[in-house]
Amino acid sequence: MNKIKIPYQQTGYFSNLMLDYISGNENLKPFYNHFHSIEGYKNQLEEKQFSDESRKVLYDSLNKQYQELSVVDSVKQNIERLKEQNTYTVTTGHQLNLFTGPLYFIYKIISTINLAKQLKNNFPDKNFVPVFWMATEDHDFEEINHFNLFGKKHLINSLQTGAVGRMKLDGIEAVFTDIQETLNGRNGLEEIIQKLKKYYNSKNTFTQAVRELVNELFGKHGLVIIDGDDKELKRTFQSYIKSELLNQTNFKSINVSSEKLETLGFKKQVNPREINLFYLKNNLRERIVFEDGNFKVLNTEIEFSESEILKELENYPENFSPNAVMRPLYQEVILPNLAYIGGGGELAYWLQLKEMFANNGVTYPILVLRNSALLLDGGTSKKINKLGLTTKQLFLKEDDLIKTYLKEGAEIILDLKAEERGVELVFEDVIKKAGKIDQTLQPMIKAELQKSLKSLQNIEARLIKAEKQKEEVAINQIKGIKDKLFPNGSLQERKDNFLYAYLLIGDSFIEQLIEQLNPFEQEFLVLS
76 MNKIKIPYQQ
86 TGYFSNLMLD
96 YISGNENLKP
106 FYNHFHSIEG
116 YKNQLEEKQF
126 SDESRKVLYD
136 SLNKQYQELS
146 VVDSVKQNIE
156 RLKEQNTYTV
166 TTGHQLNLFT
176 GPLYFIYKII
186 STINLAKQLK
196 NNFPDKNFVP
206 VFWMATEDHD
216 FEEINHFNLF
226 GKKHLINSLQ
236 TGAVGRMKLD
246 GIEAVFTDIQ
256 ETLNGRNGLE
266 EIIQKLKKYY
276 NSKNTFTQAV
286 RELVNELFGK
296 HGLVIIDGDD
306 KELKRTFQSY
316 IKSELLNQTN
326 FKSINVSSEK
336 LETLGFKKQV
346 NPREINLFYL
356 KNNLRERIVF
366 EDGNFKVLNT
376 EIEFSESEIL
386 KELENYPENF
396 SPNAVMRPLY
406 QEVILPNLAY
416 IGGGGELAYW
426 LQLKEMFANN
436 GVTYPILVLR
446 NSALLLDGGT
456 SKKINKLGLT
466 TKQLFLKEDD
476 LIKTYLKEGA
486 EIILDLKAEE
496 RGVELVFEDV
506 IKKAGKIDQT
516 LQPMIKAELQ
526 KSLKSLQNIE
536 ARLIKAEKQK
546 EEVAINQIKG
556 IKDKLFPNGS
566 LQERKDNFLY
576 AYLLIGDSFI
586 EQLIEQLNPF
596 EQEFLVLS
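Take the sequence shown: its position 327, counting from 1, is numbered 402 in the working numbering, and each next residue is one higher.
Structure representation (structure tokens):
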């Protein structure tokens with residue numbers, strides 16, 4: 076694989092908040108604990124405390140969750156190591172998207188695996204376990220029921236409700252049929268389809284399918300997969316749930332941080348609730364609200380007094396599900412975690428949470444922007460080279476890229492800025508002369524200047540249009556390249572599924588990506 080690095084600032088796809096964060100902008104330092112650097116991890120290791128009792132609960136829960144899975148030695152060893160005080164985790168997480176969803180799902184996990192390896196190199200007396208947190212309790216089925224491949228959306232339909240992780244994969248056969256009909260004859264397709272069918276079948280839930288597939292893809296690298304929908308892990312989090320129900324202070328602390336970020340010009344990514352918990356039972360996951368002196372479950376008849384809901388929490392902690400605001404806290408309470416690896420949107424809302432962590436006495440993790448990459452197939456690379464385009468130019472908007480191509484390749488210069496400047500100089504001289512005779516003439520002359528400049532701009536536009544007609548084939552190729560690499564104007568990693576990489580590179584694609592993605596290199600990668 077060839078690798079070209081492009082600064083995130085030059086891609087046009089990253090928010091100012093993330094660009095400021097990775098560059099260490101002083102204004103953002105109050106919103107996180109330690110920076111993503113070796114020195115930062117040294118400090119984080121000194122701060123992070125995790126009791127033997129918590130380690131035992133985590134160890135026992137993971138062993139139960141892995142009971143029905145074929146576990147390779149590297150995963151077994153990492154689970155065993157979690158009992159030891161010198162072992163820490165680095166964590167990423169994601170929704171249970173069908174067939175993993177967008178490509179960046181894969182990049183997040185690889186970034187996490189590689190971070191664990193690099194930390195081990197720098198701190199050899201410690202152990203670092205890469206963890207993938209499955210968002211099994213999410214209930215927005217439409218966010219996870221599909222994936223995109225080669226410009227087509229494939230989806231599974233279901234009438235099931237509640238936490239998506241508990242849903243069965245009813246109707247999955249229709250998805251496989253759709254893929255095979257669409258991509259019939261592609262080299263390697265049948266092999267990967269048969270692998271996927273082992274995990275994605277009507278007997279399995281979304282949780283089981285994702286756990287088995289991710290374990291198949293990354294188990295050899297020691298990735299430990301965790302499901303937060305777990306009674307004993309929730310029991311560890313009971314005191315925080317109780318505080319959320321009775322005190323509702325997280326709402327206030329997050330809003331304070333959000334307002335501070337907004338004064339710096341950054342939009343908030345998440346809006347906290349007074350109670351950031353759902354009630355989770357069977358096929359139900361609905362918000363808990365406090366109204367008229369009681370705790371009510373929205374869209375149901377379920378209602379608790381204070382004593383009743385505390386009794387419910389004591390007996391059935393698994394019935395309480397943290398929302399997007401509380402889940403980070405839950406994660407950091409049940410794991411000996413040092414860092415969270417996520418995308419720009421995720422890290423943006425994590426930056427709203429530091430005050431909440433402080434108020435709860437929980438160490439805030441280091442935030443790591445996951446690696447981002449663009450994969451180029453051989454055919455597309457040849458077209459790009461033939462057109463004389465640079466890798467950096469690919470990130471221009473389509474119209475700007477076409478104009479750049481036409482101006483650079485035209486036999487005559489299509490850019491009339493020099494001529495515009497010449498006209499301005501002539502008119503400046505005329506304006507000076509007119510001012511000496513009659514200053515009231517100057518506004519009229521300035522208006523004529525603007526007309527002349529407008530005429531030149533129209534001429535430039537017509538020259539470009541004429542050149543476009545001459546270069547129609549090349550322009551269509553550019554449009555095709557942009558559409559393929561940036562579907563619907565978005566990054567490839569946000570649209571295409573990992574099957575794209577598998578069919579492009581083969582079953583070694585994970586290993587090749589592991590060689591290329593470095594979580595300490597905060598630059599966009601173009602891989603070919």
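Don't be surprised by glycine CBs; every beta carbon is placed ideally from N, CA and C.
If you're wondering where the values come from, they're calculated on a predicted model, not measured in any experiment.
Beta-carbon proximity of residue i to residue j, cut-off 8 Å
i      : j      : result
Gln119 : Leu413 : yes
Gln591 : Leu574 : no
Ser447 : Glu568 : yes
Asn202 : Thr162 : yes
Ile350 : Gln323 : yes
Leu531 : Leu566 : no
Tyr405 : Gly263 : no
Leu481 : Ile539 : yes
Asn220 : Ile247 : no
Arg130 : Leu157 : yes
Gly297 : Pro205 : yes
Glu430 : Ser318 : no
Leu373 : Glu361 : yes
Ile301 : Trp208 : yes
Asn369 : Phe379 : yes
Pro177 : Lys557 : no
Leu244 : Asn279 : yes
N- and C-terminal bounds of the alpha helix (DSSP H) containing residue i
i      : result
Pro397 : Careful: Pro397 lies outside any alpha helix (DSSP H), inside the beta strand (DSSP E) at 395 to 397.
Asn551 : 547 to 560
Ala509 : 492 to 512
Asn118 : 113 to 122
Phe432 : 429 to 435
Gln269 : 264 to 274
Gln344 : No alpha helix (DSSP H) contains Gln344, which DSSP labels as neither H nor E.
Val147 : From DSSP, Val147 is part of no alpha helix (DSSP H); its letter is neither H nor E.
Val132 : 127 to 140
Phe595 : Premise fails: Phe595 is in no alpha helix (DSSP H) and is neither H nor E.
Expected contact under 8 Å - CB spacing of residue i and residue j to nearest Å
i      : j      : result
Val623 : Phe216 : Residue 623 is absent from the model: the chain starts at 76 and stops at 603.
Ile267 : Phe251 : With a Cβ gap of about 11 Å, Ile267 and Phe251 do not count as contacting.
Phe470 : Gln85  : 7 Å
Ile113 : Asn197 : 5 Å
Gln597 : Tyr83  : 7 Å
Asn325 : Leu355 : Actually they do not touch by this definition, with Cβ atoms about 19 Å apart.
Ile416 : Thr211 : Going by Cβ atoms, the distance from Ile416 to Thr211 rounds to 19 Å, so no, they are not a contact pair.
Phe293 : Ile184 : 6 Å
Gln255 : Ser333 : Not really, about 47 Å apart at Cβ, beyond 8 Å.
For residue i: DSSP bridge partner residues
i      : result
Lys80  : Leu600
Val372 : Ile363
Met209 : His169, Asp302
Tyr354 : Glu361, Phe395
Gly417 : Leu444
Tyr163 : Phe203
Lys227 : Leu224
Leu449 : Val601
Leu280 : At residue 280 the sequence reads Thr, which differs from the Leu that was named. For Thr280, which the question treats as bridged, DSSP gives the partners Lys243.
Glu378 : Lys371
Asp474 : In the DSSP output, where bridge partners are listed per residue, Asp474 has none listed.
Asp571 : Asn223
Pro177 : Asn572
Asn412 : Thr164
Closest Cα partner of residue i within the set the options
i      : options                        : result
Gly237 : Glu319, Leu359, Gln255         : Leu359
Asp95  : Leu566, Leu531, Leu528, Leu422 : Leu422
Gly463 : Leu410, Leu476, Phe207         : Leu476
His229 : Met242, Pro205, Thr257         : Thr257
Leu133 : Thr164, Ile377, His111, Asn357 : Thr164
Ile231 : Lys270, Leu288, Asn172         : Asn172
Val331 : Ala399, Pro347, Lys317, Glu499 : Pro347
Gly454 : Val289, Thr375, Ile580         : Ile580
Gly419 : Leu442, Leu190, Asn435         : Leu442
Lys478 : Asp452, Glu387, Lys554         : Lys554
Val408 : Thr438, Val146, Val400         : Thr438
Ile363 : Gln344, Glu387, Phe341         : Glu387
Thr375 : Leu385, Phe353, Ser396, Glu383 : Phe353
Leu308 : Asp213, Leu137, Ile589         : Leu137
Ser145 : Asn551, Val299, Glu473         : Val299
Leu562 : Pro199, Glu334, Phe225         : As written in the sequence, residue 562 is Pro, which differs from the Leu given in the question. Taking only the C-alpha atoms, the option nearest Pro562 is Phe225.
Ile585 : Lys104, Glu287, Phe365, Ile181 : Ile181
Delimiting residues of the beta strand (DSSP E) encompassing residue i
i      : result
Val443 : 441 to 444
CB contact below 8 Å: residue i versus chain B
i      : result
Glu421 : Looking for chain B here will not work: only one protein chain is present.
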